[in-house]
Every structure is written in C-alpha cells, then in structure tokens.
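Q: Under the UniProt record's numbering, the letters of the sequence shown match residues 1 to 338, in that order.
One structure follows; several queries about it will come next.
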Amino acid sequence: MKTDTKTPNQKMLEAELAEIRTSLVNDIVLARGNPLAQANKNSKKTHRVRYTHKKVLLGHYNKIQDLDWCVDNKHLVSCAIDGRIIVWNAYSNDKIHAIKHPTQYLTTCKYSPSQSEVAVGDLNNTCTIYALHGPRAGTVKQSLTGHTGSIYDCSFVDKDYILTASGDGTINEWNVECGKQLGTFRGHNKDVLSLAHIPGTSYFFSGSIDNTVRLFDTRNRECIRVFYGHTADVNGVTLFPNKTMFGTASEDGSSNLYDLRHRDPIATYTQKESKAPITSVAFSPSGNLLFAGSQDNNVYVYDTISQSPYAYLAVHDRPVTVVKIQNKDGFITTDDFF
1 MKTDTKTPNQ KMLEAELAEI RTSLVNDIVL ARGNPLAQAN KNSKKTHRVR
51 YTHKKVLLGH YNKIQDLDWC VDNKHLVSCA IDGRIIVWNA YSNDKIHAIK
101 HPTQYLTTCK YSPSQSEVAV GDLNNTCTIY ALHGPRAGTV KQSLTGHTGS
151 IYDCSFVDKD YILTASGDGT INEWNVECGK QLGTFRGHNK DVLSLAHIPG
201 TSYFFSGSID NTVRLFDTRN RECIRVFYGH TADVNGVTLF PNKTMFGTAS
251 EDGSSNLYDL RHRDPIATYT QKESKAPITS VAFSPSGNLL FAGSQDNNVY
301 VYDTISQSPY AYLAVHDRPV TVVKIQNKDG FITTDDFF
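Given below as structure tokens:
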C-alpha cells in the first residue's frame, strides 16, 4: 500500500487551493449566466482568428507605451515615446486632445474616474496631471515629484488620489488636488512596474522586477501579502472581473491567475511554441477568456478555467505593449511598438 507522505499542512493548503478553484468556476458561471457543462471538456483547437479592425487610431509617431479607457467607455487616452498624449473618441476616431509633454519618453497614462483629467508618467521621475475640460484644458494641473526613479505605472484610487510605481522600488500615494505626497509603500527590492487598485477598497496590487506581486493597504501603507510563481519580471497586473482575483504578465513568458487569499497561482497560461515575454494581460467582461499581449507580436487568448489556448490574434507586426478590454461592448484594444 502506498504511504501518504503529505504533511497536515500540505493537505490543508491543497484543500484551500481546491476551494479557490471551485470559487473561480462559480464566479465564471455567475458571470456567464448559464451552466458550465462544457467548461472542462477538450478546449477548442488554437487557431488564427479572422480579425477585423473595428477602428484603427493613428496619430503617434513612435512606440506606444500605454492606453486606458475612460469610465464612459467612449474615450481613451494613449501615450508614446514621441512625447504625445492623445485623448480619442474611440467610436469616431476623433482626437479630442493632442498634448505635447515636455519629456519625450512617456511610460504610462491613466484616465481619472472624474473624466476631467489624465495622468502620465515619464522617465524623469514625474507623474503629471493634465486637465481636459474648461479654460485650462490641455495644460498641467499638477506635477507630482518625489520619486528618485522613473515612473512606470500609475493608478487612480479615486478622483482625488493617485498611486505611482517607480524604478526606485517604491509606490507613492498623492493628493491630486494639492499635489501633496501622502505616503510611501515599501517592500519590493527592485523596480515596481505595474499597479492595480481594487475599486471601492483600500487595497492595491503591485508587480515588480523582483518577480513578485504584493498586496498593500493604503490605510496603514503596509504590505499584507506577497504572491510568488514567476521566475522573471512581473510586467503587468490586471484585476479579474470579480475583483478578488487578478492576472499577471511576466517576462518569463507566462501569465498567472491568483486569488488574493493564496500566495501561489491557481492557474498558469503559457504557449508551447513561444516563450516570448508577456507584456500585458486583460480579461473578457465575463472572465471566461484571458488575453495576453506578447513580444512575439501576438495576442494569445486562453480559456480561463481549462487554461488551454483558445485562439490568438495576429494583428500586429511588432511587439504588443498593451492589451485593454472595454467593458461596455467588450472591444479589445491593443498597442504595439509602432
């Protein structure tokens, strides 16, 4: 008879992980609104999707670094290393604003929940808030300085507060109205590349070159959990639709799915044919599909539950830098190296 060599602690952790996986399945069932009878059957064969561009937004002259949808699901903002920030009407292709930033090398851009401002980060260690409405539209509202490294990502907590991730290994919180730095979050020992705030809470995730994701609480500015599983830089962190799980994009060529209650991934998504770094991840509004942007020019699509490749979007001829999903109509927006 085979002896069970597992310790009680190992058994407890396995039971907890099984419970989390069941929770994931239930969340997707609720989001889909129908039974999950087909979920664990053989996944569909990976194939090249016949992809038709709904819109092509042209206006940047160099590598596009980031984009972000407005909460109205109509407008989006993009930034590139041409030093330009463009606010678009995604349905009409119109450029609402084309702002020239003093520094050419922009790294990230985010739309404020107020819809009246956008934030951009640059390699000069500054996060700049631009006004979009009123007599000061297109001009600087605040310049947030205090980091000693480049700004790689930012995330609005709400219309009044913003978080910034930096190459100095820290995350700062700021008051947008007065430009005051409210505090600093420490824990990563290398550059912080990505942020994801959980709406309506005091919590946010951060991804770093130290291969980890950390969960912080803005109330006490402490790291309350560390998530492991990647063997290289964590380039992106994105919330799952239920807000209790999140996905990651890594330089190791994989994307992971985590539950905030467990430090190790509950699912991993990889390609046998490609080990190229994953730059960005996004989820469909239902949570059924995960989209992973890759430096091999493709966007890979996975069935979230089975972890199997479902399809891939071959719509770029250069590395994909950003993948974002618009919540209303489920539009997939992607950027590349230009």
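Yeah, the Cβ is synthetic: ideal placement off N, Cα and C, and Gly gets one too.
Take the Cβ of K324 as the centre, count every other Cβ of all protein chains shown within 10 Å, and call the residue buried at 16 or more, exposed below.
A: As a first step, residue 324 is located in the sequence shown; it is residue number 324 there, counting from the start. Buried is the call here.
Q: Relative to the alpha-carbon of residue 347, which residue among D122, P241 and S112 has its alpha-carbon at the smallest distance?
A: There is simply no residue 347 to check, as the chain begins at 1 and stops at 338 in what is shown.
Q: On a CA-only basis, which of L132, G146 and H147 is nearest V140? Give me that one, please.
A: Position 140 of the sequence shown, counting from 1, holds the residue named residue 140. Comparing Cα positions, the closest option is L132.
Q: Measure how close the beta-carbons of W69 and L76 come, nearest whole angstrom, since I'm counting them as under 8 Å.
A: Here the question's residue 69 lines up with position 69 in the sequence shown. Here the question's residue 76 lines up with position 76 in the sequence shown. Going by Cβ atoms, the distance from W69 to L76 rounds to 5 Å, so yes, they are a contact pair.
Q: Buried or exposed for P199, going by 16 or more other Cβ atoms inside 10 Å?
A: The count along the sequence shown starts at 1 and reaches residue 199 at position 199. So P199 counts as exposed.
Q: At which residue ranges does the stretch 255-322 contain complete alpha helix (DSSP H) runs of 4 or more residues, listed in the order of the chain?
A: If we require 4 residues or more, the stretch 255-322 turns out to have no alpha helix (DSSP H) run fully inside it.
Q: Taking the straight line between their C-alpha atoms, what separation do you get for N235 and Y161?
A: In the sequence shown, residue 235 corresponds to position 235, counting from 1. In the sequence shown, residue 161 corresponds to position 161, counting from 1. Cα to Cα, N235 sits roughly 23 Å from Y161.
Q: Can the beta-carbon of T238 be found closer than 9 Å to that of D66?
A: To locate residue 238, count along the sequence shown from 1; it is residue 238. To locate residue 66, count along the sequence shown from 1; it is residue 66. Going by C-beta atoms, T238 is not nearer than 9 Å to D66.
Q: Taking the straight line between their C-alpha atoms, what separation do you get for G229 and N211?
A: As a working mapping, residue 229 is identified with position 229 in the sequence shown. As a working mapping, residue 211 is identified with position 211 in the sequence shown. G229 and N211: Cα-Cα distance of roughly 8 Å.
Q: Are the Cβ atoms of residue 348 and N89 separated by less than 9 Å?
A: With the chain covering only 1 through 338, there is no way to say anything about residue 348.
Q: If you run the structure through DSSP and keep just helix, strand and coil, what is A232?
A: As a working mapping, residue 232 is identified with position 232 in the sequence shown. Reduced to three states, the DSSP call for A232 is coil.
Q: Among all the DSSP beta bridges, which residues are the ones paired with A131?
A: By 1-based counting over the sequence shown, the position of residue 131 is 131. Paired residues: E117.
Q: At the level of alpha carbons, what is the spacing between R84 and K55?
A: The residue you call residue 84 lines up with position 84 of the sequence shown. The residue you call residue 55 lines up with position 55 of the sequence shown. For R84 and K55, the distance between alpha carbons rounds to 20 Å.
Q: Assign T5 to one of three DSSP states: helix, strand, or coil.
A: Residue numbering aside, residue 5 sits at position 5 when the sequence shown is read from its first letter. Here T5 sits in coil by DSSP.
Q: Assign V226 to one of two classes, buried (16 or more other C-beta atoms within 10 Å of its C-beta) or exposed (fewer than that).
A: Residue mapping note: residue 226 aligns to position 226 of the sequence shown, counting from 1. Counting Cβ neighbours within 10 Å, V226 comes out exposed, since fewer than 16 surround it.
Q: Assign A90 to one of three DSSP states: helix, strand, or coil.
A: Taking the first residue of the sequence shown as 1, we reach residue 90 at position 90. Coil.
Q: For T270, I'd like the list of residues in its chain whose CB is within less than 6 Å of its CB, leaving aside the five on either flank, ordered along the chain.
A: For the purposes of this step, residue 270 is identified with residue 270 of the sequence shown, where counting begins at 1. If we look at T270 and ignore the five residues flanking it on each side, its Cβ neighbours are S254.
Q: Where does K100 fall in DSSP's three states?
A: Here residue 100 refers to the residue found at position 100 of the sequence shown. In this structure, K100 counts as strand in the three-state DSSP scheme.
Q: For H101 and A292, what's the separation of their Cα atoms in angstroms?
A: Here residue 101 is taken as the residue at index 101 of the sequence shown, counted from 1. Here residue 292 is taken as the residue at index 292 of the sequence shown, counted from 1. Between H101 and A292, the C-alpha separation is close to 29 Å.
Q: Kindly indicate which three-state DSSP category E173 falls into: helix, strand or coil?
A: Within the sequence shown, the letter at position 173 stands for residue 173. DSSP places E173 in strand when its eight states are reduced to three.
Q: Along the chain, where does the beta strand (DSSP E) that runs through E222 open and close?
A: Here residue 222 corresponds to residue number 222 of the sequence shown, with the count starting at 1. Taken as a continuous stretch (DSSP letters only), the beta strand (DSSP E) holding E222 covers E222 to F227.
Q: Counting beta carbon pairs with one atom in the stretch 182-197 and one in the stretch 157-174, are three or more of them shorter than 8 Å?
A: Yes, since at least three Cβ pairs between the stretch 157-174 and the stretch 182-197 fall closer than 8 Å, the two stretches touch.
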